[in-house]
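Asker: Take this structure first; my questions come after.
Number of protein chains: 2
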Amino acid sequence: MAATDTRAVSSESRSQDSRDEILKAASALFASRGIHETSMSEVARAARVSKALIFWHFKTKEDLFLAVLNRLLEPYVIDFAEEAGVLDEKAQITKLVESYLLFVRDNASSIRFFIAQLLHGDRTYEVLTNQVLALYDGYRALLTDLISRTQEKGLCSREFPAQVTAAFLLSTLNGMLLGFLFVRDGGVDLEGAMGMLRQWLFREAPPSEPSGVPTQSVRTL
Amino acid sequence: MAATDTRAVSSESRSQDSRDEILKAASALFASRGIHETSMSEVARAARVSKALIFWHFKTKEDLFLAVLNRLLEPYVIDFAEEAGVLDEKAQITKLVESYLLFVRDNASSIRFFIAQLLHGDRTYEVLTNQVLALYDGYRALLTDLISRTQEKGLCSREFPAQVTAAFLLSTLNGMLLGFLFVRDGGVDLEGAMGMLRQWLFREAPPSEPSGVPTQSVRTL
DNA sequence: TTCCTTATTGACCGCTGGGTTAGGGAGATG
DNA sequence: CATCTCCCTAACCCAGCGGTCAATAAGGAA
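If you read the protein sequences in the order shown, they are chains U and E.
Using the numbering used here, the letters of the first sequence map in sequence onto residues 1 to 221.
Using the numbering used here, the letters of the second sequence map in sequence onto residues 222 to 442.
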């Protein structure tokens, strides 16, 4: 970026390449087995690189770990940002909730990793905690605002203040998240869950049968 | 238990004492820092016992870990079993939900430990996974049954089949559990949460104001 | 007392972990 | 060409790990 970078291209990209390779390997290993069960030698082997090179790129193991954290956090910010659009509030809420669930489904492994990290309560990585909580609060605020506007237009139940409804809804979403994370075969039914949530939020009538046979495939943990 | 136990008392209790001391120390350390970040020497120091003695009581580190798991699981079985009583169904549901939340509040540290363990997906400790999931399914079945009976008596909404309602409720409860685990100052409002759940389940009217000022203290994550 | 079993320990071992170091090869610069 | 800098490696270092063992203390039983 600065003046020093008018250097040769091939060498720089070579360095970048190996760095990326290391990060990629480390991300996979750390995410799937945790930092303490993953040795630097394993990372080196997975990245097909000498152990010493890792220590040339990253001062310590913790350094590498932090870099991995940032790398894994990347998809989070972009995905949540842009829920704007020309939809009405009701559809926006639906969309927001749906994108939450979709995101959870598609990023299960890194989410599992982050939650495990947060649960572990290592005060060392408080950076991560704050970052994740900030994202979470952003989502919550967005949702609260949206629900509040929907209520004003009379499009959904005003039984509870928007803030409370949002918190409640988020709790449920988080519960479903846990469901996603624990079900091994990954067969949680998105449609069913969305249907239930819409019914609850907007008091819509159930899609097909009025009460009889259970929808069978719901499995929200 | 068998005939061999007509042995001397003092020596046996001495052995038991040291064993318990080790288990106590190991439980605390494993639960707070995880198994891989806890060395046997640390356990020994915390239990004020030589490292070799630990290996006399428990063949390997994993042995000790499994013993710790069982020890930590003990409070779970008893607490869930006895929700019988002469209450009507509505009150029973309320009680069941309340005891879930209370239990979560009081056992946050071991729950955190278990979830971290489950998330980690170590196939080694599948025993634990199954045990926890069995407990969980038991609770779910109890709740489903209870809701089903309540619906039959027309005491609560029949909008959804009991099974689905139970799964949904459980998701919400789990979301609240996550809230408990992440909120540092432990200041989650039980009353508020219970109120919201009762209103949702039984369509009760909100306790005070109809829509205006938010109840402020709810904070369900 | 003597003997036998049960508890307990300090010292030790092999090995793996994170981290270092000395040096080699490749490309840009002069 | 020589030189300098940047990547990269094999080999090494050693603290701390899980685990073992020989020796011992502390009681019963005889």
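Glycine included, every Cβ here is placed at the ideal spot set by N, Cα and C.
Within a Cβ cutoff of 8 Å, which residues of the same chain sit near E/R292, ignoring the five residues on either side of it in sequence?
Answerer: L244 and S248
Asker: According to DSSP, is U/L155 part of a helix, a strand, or is it coil?
Answerer: Reduced to three states, the DSSP call for U/L155 is coil.
Asker: Strictly under 8 Å for the Cβ-Cβ distance: is E/F279 near chain U by that measure?
Answerer: no
Asker: Chain U beta carbons: is any one of them nearer than 8 Å to that of E/R333?
Answerer: It does; some Cβ of chain U falls within 8 Å.
Asker: Since U/A44 and U/L29 should fall inside the 8 Å C-beta cutoff, what is the C-beta to C-beta distance between them, to a whole number of angstroms?
Answerer: Contact flag wrong, Cβ pair sits at about 11 Å.
Asker: Around the C-beta of U/L177, are 16 or more other C-beta atoms found within 10 angstroms, so that it is buried, or is it exposed?
Answerer: With 16 or more Cβ atoms within 10 Å of its Cβ, U/L177 is classed as buried.
Asker: Classify U/V132: buried if its beta carbon has 16 or more other beta carbons within 10 angstroms, exposed otherwise.
Answerer: buried
Asker: Using a Cβ cut-off of 7 Å, which residues of the region 127-146 of chain U contact any Cβ in chain E, in chain order?
Answerer: none
Asker: Is there a C-beta anywhere in chain U that falls below 8 Å from the one on E/N328?
Answerer: No, its Cβ sits nowhere closer than 8 Å to a Cβ of chain U.
Asker: Need the endpoints of the alpha helix (DSSP H) that U/S39 sits in, please.
Answerer: Element bounds for U/S39: n/a, residue is neither H nor E.
Asker: Check the Cβ of U/M196 against every Cβ in chain E and list those closer than 8 Å, keeping chain order.
Answerer: Within chain E, F381, V385 and F389 have C-beta atoms less than 8 Å from the C-beta of U/M196, given in sequence order.
Asker: What are the start and end residues of the alpha helix (DSSP H) that includes E/R326?
Answerer: E310 to D327
Asker: Using a beta-carbon distance cut-off of less than 7 Å, what residues from the region 31-56 of chain U approach chain E?
Answerer: Per Cβ criterion, the list reads G34, H36 and E37.
Asker: Identify, in the order they occur along the chain, each residue of the same chain with its Cβ nearer than 6 Å to the Cβ of U/S148, setting aside the five sequence neighbours on each side.
Answerer: A162
Asker: With 16 as the cutoff for other CB atoms within 10 Å, does E/A387 come out buried or exposed?
Answerer: buried
Asker: Are the Cβ atoms of U/A31 and U/F160 separated by less than 8 Å?
Answerer: no
Asker: Check E/T281 in the structure and name its three-state DSSP category.
Answerer: coil
Asker: Any chance the region 314-331 of chain E sits against the region 279-292 of chain E, with 3 or more Cβ pairs inside 8 Å?
Answerer: no
Asker: For U/T172 versus E/G396, is the C-beta distance shorter than 8 Å?
Answerer: In contact: U/T172 and E/G396 (Cβ atoms closer than 8 Å).
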